[in-house]
Amino acid sequence: MIRTSKSEHASINLRVDGKPVKADVPPRLLLCDFLRSQCGAKGVHVGCEHGVCGACTILVDGRAVRSCLMFAVQAEGAEVKTVASLGSHDNLSPLQEAFRAHHALQCGFCTPGILISAQAFLTERPSATRREVEELLAGHLCRCTGYTSIVDAIMATEETTA
Amino acid sequence: MKPAPFDYVCPETLEEALSILSEFGEDAKVLAGGQSLVPTMNMRLARPAMIVDINRLPRLADIRSHNGSIHIGALVRQADAEREQRIPQAIPLLALALPHVGHRQTRNRGTICGSLAHADPSAEVPLVAVAVNAQIEAQSSRGARRIAADAFFDSFFTTTLAADELVTAATFPAHSEGCGYAFEEFALRHGDFAIVATACAVRIDADGKTDTLSIVLGGVGERPYRCDTDAWLGRALTADDIEDVAQTASARIDPPSDLRGTAKYRRWLAQGQIRRTLSRALEGAR
């Protein structure tokens, strides 16, 4: 049984973007802050910090979740993937390539979370309708209001990968 | 927007979890999906001294059919219930309501039982539980008990659970022949909290008469609001009856006014939703 008082640190082991990570964390440390500050995962964007904006969305054991609504200590043993797992600057994933081609990012703040959500969604629903993609995006706020191009990019990826 | 410091425990047995709850009582909070609890902690609206994380109690993660009802354990994620093939057949009203619960990304963590225990009066799962007479199973070191959904919700974010009790499961009666269901919700954005939501379950007997009529409204008061529909039982409902139910029930509610809508607006929304959900549920029942 893991039991940690508020003044202590818990020792956790997890994988972040394929690399093993071992760390000591206080119980109240949010997973998003842990990933940014101790794992260098700057692709995890922290927006509203109460689960509304979706910018901090990551994959935990294959599922898209809000990293601002989990404590780092809860990620013990988990496989965490951030936007960095999708592709690299020189080798974009099909979804990232579609975002570029369809001008689906403006300021880019919401983009990593949306990419992660869409990637998980396309894996589960390879031929989703436009309406379903729009519903998926209800879980993300884009303050540049780039939604139409974002939906276009996701739909285009669906066509190329289906 | 960071939580205040707290002690954390992640028990590996239910007994350990219950023992900590009995030790800490009101100072402890149970963490399952965390999709409601963590935001309130991040905003310092909640400052529990002890967090009891039940995520490593796999015995609580099962969905079982049992004596004609469906048992949903405390760790069943909303997304898992949504994907579970038995649910649309067994608990159609829950299947209709689940896509409205938060967002896909929050349903991946959020649990069915957590939504019940959180008791948000505009949340969807509590409405379904009341509409179909679900039972909430609670355990403490003192023993186990079952609480009918009608008796479970007390007020805003308040249930009749004791401080040392843990919701271990919810049991939904299985769908029976001749039943029809409908769910509707109006929110500013898909997945936001309902301004008004309506869950409706109707059963028609062999003579074509309505023998069960459950209409439950969310977002109109401190707890899921069950409309009094006794006057319309025991007869075949006509279009005029449906209109009558919608007008009478919506006139009786006393919803709050806030930035998202006045009481009058909520009554108007409720009236339309009752009319439409009742019509659809009746079609399903026939």
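Read top to bottom, the protein sequences are chains A and B.
The first sequence runs 1 to 162 under the working numbering.
The second sequence runs 1001 to 1286 under the working numbering.
For every residue, glycine included, the Cβ atom is placed at its ideal position computed from N, Cα and C.
Residue i: which of the options sits nearest, CA to CA?
i: Gln74/A; options: Val25/A, His50/A, Ser88/A and Arg130/A; result: Val25/A
i: Asp1230/B; options: Ala1049/B, Pro1224/B and Val1245/B; result: Val1245/B
i: Gln1271/B; options: Ser1250/B, Lys1209/B, Leu1278/B and Cys1113/B; result: Ser1250/B
i: Ala1119/B; options: Ala1174/B, Gln1035/B and Ala1081/B; result: Gln1035/B
i: Arg1146/B; options: His1071/B, Leu1098/B, Gln1085/B and Val1038/B; result: His1071/B
i: Ala996/B; options: Ser1065/B, His1066/B and Val1030/B; result: The question about residue 996/B has no answer here: the residues shown for chain B are numbered 1001 through 1286.
i: Leu59/A; options: Ser117/A, Leu141/A, Glu134/A and Ile154/A; result: Ser117/A
i: His140/A; options: Pro1011/B, Gln1273/B, Arg1189/B and Arg1267/B; result: Arg1189/B
i: His1066/B; options: Arg1047/B, Ile1054/B, Arg1086/B and Ile1051/B; result: Arg1086/B
i: Thr157/A; options: Ala98/A, Arg66/A, Val80/A and Leu137/A; result: Ala98/A
i: Val80/A; options: Ser149/A, Arg3/A and Val16/A; result: Val16/A
i: Ala1194/B; options: Gln1273/B, Phe1153/B and Gly1114/B; result: Gln1273/B
i: Ala78/A; options: Arg66/A, Leu69/A and Asp61/A; result: Asp61/A
i: Leu1127/B; options: His1103/B, Cys1179/B and Val1196/B; result: Val1196/B
i: Glu1012/B; options: Ile1054/B, Pro1099/B and Pro1003/B; result: Ile1054/B
i: Arg1235/B; options: Leu1282/B, Ala1074/B, Ala1182/B and Arg1266/B; result: Leu1282/B
i: Glu135/A; options: Gly1102/B, Ala1148/B and Cys1113/B; result: Gly1102/B
Which residues of chain A have a Cβ atom closer than 7 Å to the Cβ of residue i, listed in chain order?
i: Gln1105/B; result: Gly54, Thr57, Ala64, Val65, Arg66, Ser117 and Gly139
i: Gly1034/B; result: Leu69 and Met70
i: Asp1053/B; result: Gln74
When DSSP builds the beta bridges, which residues end up paired with residue i?
i: Met1050/B; result: Asp1007/B and Ala1028/B
i: Tyr1181/B; result: Ala1201/B
i: Arg100/A; result: For Arg100/A, which the question treats as bridged, DSSP gives no partner whatsoever.
i: Val1038/B; result: Looking at the DSSP assignment, Val1038/B forms no beta bridge with any residue, so it has no partner.
i: Ser1155/B; result: Thr1158/B
i: Thr1111/B; result: Arg1077/B
i: Arg15/A; result: Pro20/A and Glu79/A
Determine the direct distance from the alpha carbon of residue j to that of residue i, and round the result to whole angstroms.
i: Ser125/A; j: Ala1032/B; result: The sequence shown places Arg at residue 125/A, not Ser. Each residue's Cα considered, the two are about 27 Å apart.
i: Gly1068/B; j: Leu1233/B; result: 25 Å
i: Asp1192/B; j: Thr145/A; result: 18 Å
i: Arg1044/B; j: Leu1021/B; result: 21 Å
i: Asp1254/B; j: Gly1218/B; result: 12 Å
i: Arg1109/B; j: Cys56/A; result: 14 Å
i: Phe1024/B; j: Phe34/A; result: 28 Å
i: His1175/B; j: Thr1238/B; result: 24 Å
i: Thr1205/B; j: Glu1124/B; result: The sequence as given places Asp at residue 1205/B; Thr does not occur at that position. Their backbone Cα atoms lie some 28 Å apart in a straight line.
i: Ala101/A; j: Gly113/A; result: 18 Å
i: Leu1096/B; j: Arg1252/B; result: 26 Å
i: Asp152/A; j: Arg28/A; result: 39 Å
i: Leu115/A; j: Val83/A; result: 7 Å
i: Val1220/B; j: Asp1211/B; result: 26 Å
i: Glu1084/B; j: Gln1078/B; result: 10 Å
Just to make sure I have the definition right: I need the residues of chain B whose C-beta is within less than 9 Å of the C-beta of residue i. Which are they?
i: Pro126/A; result: Under the 9 Å cutoff, chain B gives no residues; its nearest Cβ is about 15 Å from Pro126/A.
i: Met1/A; result: Val1009, Cys1010, Pro1011, Glu1012, Thr1013, Glu1016 and Arg1056
Just the chain B side, please: which residues come within less than 7 Å of residue i by C-beta, in chain order?
i: Leu35/A; result: Simply none; closest approach about 15 Å.
i: Ser5/A; result: Asp1007
i: Glu135/A; result: His1190
Can you pull the chain B neighbours of residue i, defined as C-beta to C-beta under 8 Å?
i: Arg15/A; result: Correct list: empty, because the minimum Cβ distance to chain B is about 18 Å.
i: Pro27/A; result: Pro1005, Phe1006, Asp1007, Tyr1008 and Ile1051
Just checking residue i against the ligand ADP - is the residue's beta carbon closer than 7 Å to any of the ligand's heavy atoms?
i: Met1043/B; result: The ligand ADP is not part of the structure shown, which contains no ligands of any sort.
For residue i, go through chain A and note every residue whose CB falls closer than 9 Å to its CB, in chain order.
i: Val1038/B; result: Leu30, His50, Gly51, Arg66, Cys68, Leu69, Met70 and Phe71
i: Lys1002/B; result: Arg28, Leu29, Leu30, Asp33 and Glu49
i: Arg1109/B; result: Val60, Arg63, Val65, Arg66, Leu69 and Met70
i: Asn1067/B; result: Per Cβ cutoff of 9 Å: no residues; Asn1067/B is ~32 Å from chain A at best.
Quick one: any contact between the stretch 1165 to 1178 of chain B and the stretch 1138 to 1145 of chain B, if contact means 3 or more CB pairs under 8 Å? yes
Please confirm if the stretch 1198 to 1207 of chain B is in contact with the stretch 1153 to 1163 of chain B, defined as three or more CB-CB distances below 8 Å between the two stretches. no
How about the stretch 1169 to 1184 of chain B and the stretch 1054 to 1074 of chain B: do they share at least three Cβ pairs that are nearer than 8 Å? yes
The stretch 9 to 24 of chain A / the stretch 46 to 54 of chain A touching (three or more Cβ pairs under 8 Å): no
Validate contact between the stretch 15 to 29 of chain A and the stretch 92 to 99 of chain A using beta carbons, cut 8 Å, 3 pairs: no
Between the stretch 118 to 132 of chain A and the stretch 35 to 47 of chain A, are three or more C-beta pairs nearer than 8 Å? no
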